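Below you'll find the structure, written out as structure tokens, and then a few comments.
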Amino acid sequence: MTDADDPTIDDEIVARARIHAREVISEHDLEIDRNALEWTVTTRARRRAGACRWNRADEVATIVLTRQAYERYDWETFAGVVRHELVHAWEYQQFGESGHGERFHDLAATLDAPRYCETFAEPRYALRCLGADCDWSAGRHRASKPVKAPGGYRCGRCGSDIEVEHVDSGRTWTTASGFGGAKAALGKRW
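First residue of the sequence shown? That's 822 in our numbering, and the numbers climb one at a time after it.
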């Protein structure tokens, strides 16, 4: 066997997920067409452990699992992600749409699947209220509009200004120019 033939961690993730899915589908008599179910792994996701995409034209559901989540979670937690995405696949195949509503909640409870999956990565940015008596904060994984230009946003709880912190460096800013300055000053460390 050559190195090219050696299984990768992505192969392991898909194999374990498929086996678990087959067991869940069989145990609960789920009406999921496994021939219309595809699996893939991503390394790009920063906060979601899984996703289910629906190709309406082909009527194929693709479950996308995140490698970093697989590496950080124990198997039981990751198996919950697989079950969560199976509920989406079932909804897509049965109804052509999916969400986190009552129908999702009912089947998720039956499968012991979490309604929402916990984040597996620390946020890159922290937003904080500058109000003296307010402790509101939020994390962001990407440079969203409030991260890039916090001066245009206010705390949703008390209406005060907010600041943003680049978590790895501790550098903070409250304006769009502050964001640009922090990014330039950090260079490759950004």
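Just so it is clear, CB atoms sit at the ideal spot from N, CA and C, and this is done for glycine as well.
These numbers come from a predicted model, not from an experiment.
Query: So, for Thr861: in the same chain, excluding its five sequence neighbours on each side, which residues have a beta-carbon less than 7 Å away from its beta-carbon?; Result: Thr883 and Val885
Query: Roughly how many angstroms separate the alpha carbons of Arg843 and Glu897, rounded to a whole number?; Result: 16 Å
Query: Where does Tyr894 sit, in a helix, a strand or coil, going by DSSP?; Result: coil
Query: Taking 9 Å as the cut-off, decide whether the C-beta atoms of Ile834 and Tyr891 are in contact.; Result: yes
Query: For my contact list, Ala947 and Gly901 are in at a C-beta cut-off of 8 Å; report their separation, rounded to the angstrom.; Result: Incorrect: roughly 27 Å between the Cβ atoms, too far for contact.
Query: Below 8 Å on the Cβ atoms is my contact criterion, and I expect Arg961 with Pro944 to pass it. Report the Cβ-Cβ distance as a whole number of Å.; Result: 6 Å
Query: Alpha helix (DSSP H) containing Glu848: first to last residue?; Result: Ile830 to Glu848
Query: Closest to Gly1001 by CA distance: which of Thr887, Thr864, Pro971 and Asp989 is it?; Result: Pro971
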